[in-house]
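Here is the structure we will look at.
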Amino acid sequence: MSRHSIAVIAGDGIGNEVVPAAIACLERIASIHSLNLEFTYFDWGSDYYGRHGRMMPVDGLEQLARHEAIFLGAVGSPEVPDTESLWGLLIPIRREFQQYINLRPVKTLDGVASPLAADNPIDILIVRENNEGEYSEVGGRMYRGLPHESAVQETIFTRLGVSRAAHFAASLAASRQGRLTSATKSNGIIHTMPFWDEVVEETVRLYPGVTVTHELVDALAAHLVLKPWTLDVIVASNLLGDILSDLGSSVTGSIGLAPSANLNPEGNFPSLFEPVHGSAPDIAGKGLANPVGQIWSGAMMLEHLGHPEAAGHLQAAFESALRDGHGTRDVGGTSSTSEFTAAVLTAINTLALATDQPANASAVTAS
Ligand code: NAI
Ligand code: MG
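As numbered in our numbering, residues 1109 to 1475 make up the sequence shown, in order.
Next comes the structure, spelled out in structure tokens:
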């Protein structure tokens, strides 16, 4: 029996609703596929901050490093400044564990209407550079409160950082339609973005079957709304990838559906799996949260841990629940979080009974 040790941080707000929902699904899948998933729970987040003045203990990263993967809900609370919640937990994890790829699938699902008039199927993978770029610590504030108060924040692109993101994206594109789109803004940002373009171009040249198109991010945002079905793999810097992936998940129906993986591809450190959405304080505690983004992130985690069949089974189960008309309010349905989760658990059982070989579609690359 394959054994995997997984650190679980439900975090804040709806994280405490969607994480238990996803864990219930993962446990059911584990029992069917003979996996031993050992979950260790950490109560870190904004409540912990209220008690201890920090988002996680001083040795938090050391504790997490003992696990193979991290399963996170969301952090962020109206009581704690976002700079504290993000930079006190999520960003240190992404950086210290060299999770330099943030992989965000954007895919239409049967049973969920897109807000776009034409609802052609969309199947895009967004590869966001996750360690550097615009989210840098280099900068500062001067003359606070005075008329000449100023703020500076430097963007940092390194050849290593850009090329490894481009390698990852190009090899994904090679396994799909071979079409890579690189988000840029080299007409306005004249030092860092042309460097990004050059390194992406050089890297993609090493993949003969892959062509890269450099698209200015403003035009690419319009492209994502007007003709998203023509896009295959997108590679983008930290900030541009963050914005494009929220937009992408919205055109497929709801941000509550969108999963993500923060990957350390070499496996030197644990990778982290979390939905794209935040803690949604406006709906927290009401049973309205859509758990699909969290469950799908769980499927990506199973795939990363080397269990594509189990991942495909879980993916097929939530897709079938949505297709059968179950869904939370954000996707036009009437199910509560727990009712929708019950529908996914039923679908897991039904699919397991339907075939000895559970669905083996890949959680990441299924089209
Ligand atoms: P948000 O993603 O939490 O919410 C945006 C909107 O989408 C809200 O109307 C919310 O109700 C809705 N929504 C989000 N997830 C949903 C789900 N699963 N089901 C149904 N509806 C859902 O983004 P917002 O409001 O900008 O941020 C709230 C807090 O979360 C902030 O403190 C922010 O810093 C934090 N945040 C944390 C992230 C993380 O932990 N990775 C990512 C994004 C935001
Ligand atoms: Mg975002």
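Glycine included, each C-beta is placed from N, C-alpha and C at the ideal position.
What does the alpha-carbon distance come out to for the pair residue i and residue j?
i	j	result
residue 1115	residue 1180	8 angstroms
residue 1168	residue 1226	47 angstroms
residue 1134	residue 1406	7 angstroms
residue 1469	residue 1404	Residue confidence is low: residue 1469 scores 47 on pLDDT, short of 50, so the model does not pin down where it sits. Its coordinate-derived value is still stated next. Roughly 13 angstroms between the two C-alpha positions.
residue 1474	residue 1342	Caution applies to residue 1474, whose pLDDT of 38 falls short of 50 and renders its modelled position unreliable; the model cannot decide the point.
residue 1118	residue 1441	25 angstroms
residue 1467	residue 1233	Low per-residue confidence applies at residue 1467: pLDDT is 46, beneath 50, and the placement is therefore not dependable, though the value from the model is reported in the following sentence. In a straight line, the C-alpha of residue 1467 is about 21 angstroms away from that of residue 1233.
residue 1395	residue 1446	7 angstroms
residue 1166	residue 1196	10 angstroms
residue 1324	residue 1402	31 angstroms
residue 1428	residue 1216	13 angstroms
residue 1378	residue 1201	9 angstroms
residue 1297	residue 1280	27 angstroms
residue 1294	residue 1237	17 angstroms
residue 1471	residue 1256	At residue 1471, the pLDDT of 49 sits below 50, so the modelled position is not reliable; the number obtained from the coordinates is stated separately. Their Cα atoms are separated by approximately 52 angstroms.
residue 1465	residue 1266	Residue confidence for residue 1465 is low, a pLDDT of 49 falling below 50, so the modelled location carries little weight and cannot support an answer.
residue 1391	residue 1143	34 angstroms
Report yes if the CB atom of residue i is closer than 8 angstroms to the CB atom of residue j, and no otherwise.
i	j	result
residue 1158	residue 1120	no
residue 1263	residue 1242	yes
residue 1148	residue 1112	no
residue 1222	residue 1361	yes
residue 1126	residue 1435	no
residue 1400	residue 1425	no
residue 1348	residue 1357	no
residue 1312	residue 1273	no
residue 1206	residue 1376	yes
residue 1363	residue 1333	no
residue 1329	residue 1314	no
residue 1345	residue 1307	no
Measuring CA to CA, which of the options is closest to residue i?
i	options	result
residue 1370	1199, 1210 and 1117	1210
residue 1231	1287, 1194 and 1266	1287
residue 1151	1144, 1177, 1183 and 1395	1183
residue 1193	1128, 1155, 1415 and 1412	1155
residue 1398	1449, 1372, 1327 and 1215	1449
residue 1185	1431, 1388 and 1410	1388
residue 1213	1293, 1336, 1147 and 1321	1336
residue 1258	1267, 1265, 1266 and 1248	1248
residue 1218	1452, 1292, 1433 and 1260	1433
residue 1177	1456, 1306 and 1373	1373
Over what stretch of residues does the alpha helix (DSSP H) that includes residue i continue unbroken?
i	result
residue 1312	1300–1312
residue 1207	Premise fails: residue 1207 is in no alpha helix (DSSP H) and is neither H nor E.
residue 1400	1400–1412
residue 1450	1445–1462
Taking 7 angstroms as the cut-off, does the CB of residue i come closer than this to any heavy atom belonging to the ligand NAI?
i	result
residue 1349	no
residue 1407	no
residue 1190	yes
residue 1128	no
residue 1391	yes
residue 1440	no
residue 1122	yes
residue 1359	no
residue 1398	yes
residue 1382	yes
residue 1183	yes
residue 1395	no
With residue i as the anchor, note down where its beta strand (DSSP E) starts and where it stops.
i	result
residue 1262	From DSSP, residue 1262 is part of no beta strand (DSSP E); its letter is neither H nor E.
residue 1383	1379–1383
residue 1322	1319–1324
residue 1291	1287–1292
residue 1116	1110–1119
residue 1237	1231–1237
residue 1431	Looking at the DSSP string, residue 1431 is not in any beta strand (DSSP E); the run it does join, the alpha helix (DSSP H), is 1416–1431.
residue 1149	1143–1150
residue 1370	1367–1371
Quick check: is the beta carbon of residue i nearer than 8 angstroms to any beta carbon in chain B?
i	result
residue 1398	The structure shown contains no chain B; it holds only a single protein chain.
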